[in-house]
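Going from the sequence shown to the numbering used here is simple: count from 1 and add 6. Just so it is clear, CB atoms sit at the ideal spot from N, CA and C, and this is done for glycine as well. Predicted, not measured: the structure shown is a model, and the values here were computed from it.
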Amino acid sequence: MKQLALIAALMLATPAAGQTLDQRIAARLAEAPTGTRFGLVVADPDGEEIVAINPDGRFIPASNTKIYTTATAFATLSGINGPDTTGGASVRLDGDDVVLVGGGDPRLSSADDCTVDCLAMLADAIAARTKRVRDVIGDDSYFPDQRWSPGMSWNNIPTSSGTGISALTLDDNELKLTVTPGAVDTPAKVEVMAYLTVDNQARTVPGDKIALGWDRDPNGKLLRVTGTIGVEAKPRVWSLGVDDPAEYAAWRLKVLLEARGVKVKGAVRVHHRPLAPEDDPQYRKDHPADLVFTASRTPLAQLTPAPVAEDIKHINKVSQNLHAELTLRRIAKLQGGSGSIADGVAQVEKMLAAAGLPRTAWDFSDGSGMSSYNRVSPRGSVLLLRWIAAQPWGAQFRDTLPIGGVDGTLRGRFKGTPLEGKVFAKTGTLNQTNAVAGYFTAASGKTLTFAFYANDVPGDVSATKYMDDVLNLVAAGN
C-alpha cells in the first residue's frame, strides 16, 4: 500500500506536457467537490510567494486558530518553560466549607494513576486537617463565566470537542461513556460517572452490529442512551462534555473526601463570576477604572503543574480545544486583564500587529477554532508563521506542530509520499472546513512556509487529499 501511494505521488510530481506548476495545481484542485473554495500561499525562505491562490481571501481556519493562540503564549508568557506556579488549583477551608479554587490550569486530574497536578493531593490536605465539613464549593471566578465562545455550534456542547470552559477544570472536563452488550434481548450495560443520571434504552441484539446513540440537554444531567448493540460487538466508548466544570470538580472532590473518611454534611455548590462590561478591554478604555477582583485567601494547599510549554505541545499535536481556550484566557489574565475571551483576543492582536499582519487578515471569537466566526487569510497566516520562525522561540514552536505521517493529527497523512516526515503543520477540521498550515522541506532541501484552507466543502466530504497532493506537487517542483 505504501509503495502504491509513493507511485501515485511521483505521478503527481511528473509534469504533464506543457503544464506549469500553477496549472497542475489548478487541475488537481478542480477535482475537489464542486463549490469548494480554496486559499493557498506558499513562500520560499526569502518570503517570495511561490504559489498564491486567493491569498487575501478570508477563510474559516478551524483549529488553525491554535497557531495564533499558542504563538501568543510563546510571545507573551515569560515563564512558559518553568513550573506553572500561577495556574494550579488550590483548596482552603472557609469556616466549615471546603473551597476548591481554579487558577486556569487545564491539567488537574482525578485519575487513579495521577502523579502530578492531582486532585487527590488537595483532598489529602483537607482530610489531614478535619473529618467534618459542610459544603464543597467549586470556585472558577478567576475567569468570567464564558463556558462557550460566540459562534460555536450548539450541537457540539454535549461532546468533548465543545466541553465547558472554566478556570476550574478537571479531567479535561470529559466523562467517559461505555456501552457493552449484555445478553440478547436484555438492556445493554451502560457505564458512566455517577455525576450523570442515565436513562438506558439501549438493547442487546444478535450479531455484532452497533447502532447506538446518546443525548443530553445542555446544562442537564440526564443522559439518554438509545439504540442497539450486537451481543458479539466490542464495547463502544464516547467522551462526553461537562457543562459546569466547577461543579463537576467540586463533586469529584466530595467523593474523594468521603473516601478519606471526611463527612460532608452539606451540598456541592459553585461560585461563578458573571461576565460584565468591565471584562471587555474597549469598555475599560472608554471608562478608565481599575479592574478589581476579590483576592484569593491563603490556600491550605496549592498544586504546581508542569510547564505551560508542555501543554502547548499537547494542544498543537492533538488539537486540544479546551486547553487552547484556557491558554487564551490565561494569557489575558496574566497580562493584567480579566481573563475574558475579548481580553485574550486583544493580546493576540498585539502580537499580530508586531508581526505585521494587516487587520483585515484575521478575526477571532475564540482560542481553539470551534467558532464559525473566526476568519484568517492564507497570506496573513504565512506572514505570521515566518515571523514566528524568526523569534528566539521559533524552533520550540515548530516542535509543537504535528509531523506528516509521524504524529499528532498528521500521523495518517503524507504517508508513503516524499513529504512523509517533512511537513510540520497545524491541521484544522470543522463543518465544511479543512485547514493545514506550517512548514515543509521541499525536494531542494529548502524550508517553505505555507497556509492552505478549504471552505464550503460540500457535505461531509474532506478536501485533505487534494490539499496534500498539491503540497507534494509544490515540494517536488521546488
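Here the alpha carbons of VAL196 and VAL354 stand approximately 43 angstroms from one another. Looking at the DSSP output, CYS124 bridges to SER115. Within the DSSP secondary-structure output, GLY219 pairs in a beta bridge with THR232.
By the Cβ neighbour-count rule, HIS278 is buried, with 16 or more other Cβ atoms within 10 Å of its own.
Non-local beta-carbon contacts of GLN207 in its own chain, meaning distances under 7 angstroms to residues more than five positions away in sequence, involve ARG230, VAL231, THR232 in chain order. ASP372 counts as buried, since no fewer than 16 other beta carbons sit within 10 angstroms of its beta carbon. For ILE59, the enclosing beta strand (DSSP E) starts and ends at 55 to 59. Within the region 120 to 188, the runs of alpha helix (DSSP H) that reach at least 4 residues and sit entirely inside it are, in chain order, 125 to 135.
Within the same chain, and ignoring the five residues on either side of VAL190 in sequence, the residues whose Cβ sits closer than 6 angstroms to its Cβ are THR210, PRO212, VAL237. Burial of SER387 is indicated by the presence of at least 16 other C-beta atoms within 10 angstroms of its C-beta. Residue pairing of GLU197 in beta bridges, as defined by DSSP: THR184. Relative to the Cα of TRP257, the nearest Cα in the group ALA431, TYR201, PHE430 belongs to TYR201. The continuous beta strand (DSSP E) containing ALA460 extends over residues 453 to 461. Proximity to THR433 across LEU35, ASP50, TYR74 peaks at TYR74, based on C-alpha coordinates. Only residues of its own chain outside the window of five on either side were considered, and among them ILE394 have a CB closer than 7 angstroms to the CB of GLY400, listed in chain order. Straight-line spacing of the CA atoms in MET158 and THR439 works out to 14 angstroms. Here DSSP, grouped into helix, strand and coil, assigns ARG64 to coil. In the same chain as ILE66, and ignoring 5 residues on each side of it, the C-beta atoms closer than 7 angstroms to its own belong to SER378, ASN380, ARG381, LEU436, THR439, ASN461, in chain order. About 11 angstroms separates the beta carbon of ALA431 from that of LEU454, a gap too long to meet the 8 angstroms contact definition.
A distance below 6 angstroms between beta-carbons, with the five flanking residues on each side excluded, links ALA307 to the following residues of its chain, in chain order: VAL97, LEU128, ALA131. Short of 7 angstroms from the beta carbon of ASP151, and not among the five residues preceding or following it, lie these beta carbons of its own chain, in chain order: HIS278, ARG279, PRO280, LEU281. Judged by DSSP secondary structure, VAL107 falls within the beta strand (DSSP E) whose first and last residues are 103 to 107. As summarised for the region 254 to 293, the continuous alpha helix (DSSP H) elements at least 4 residues long and confined to that stretch are 287 to 292, given in chain order. Annotation for LYS356: the continuous alpha helix (DSSP H) segment containing it runs 347 to 361.
Secondary structure of ASP205 (DSSP, three-state): strand.
Approximately 6 angstroms separates the beta-carbon atoms of ASP413 and LYS323; this is inside 8 angstroms, confirming the contact. Put simply, of ALA469, THR76, VAL243 the residue whose alpha carbon is nearest the alpha carbon of GLU331 is THR76. Contact between GLY108 and ASP146 holds, with the beta-carbon distance rounding to 5 angstroms and staying under 8 angstroms.
Taking a C-beta distance under 7 angstroms as the contact criterion, VAL248 and GLY144 do not qualify as a contact pair. Listed as beta-bridge partners of ASN440 by DSSP are THR435, ALA460. In the structure shown, the three-state DSSP call for ILE409 is strand. For TYR445, the beta-bridge partners assigned by DSSP are PHE430, THR455. Here the alpha carbon of VAL142 sits roughly 11 angstroms from the alpha carbon of VAL268. For PHE44, the pairing in a beta bridge is given by DSSP as ALA460.
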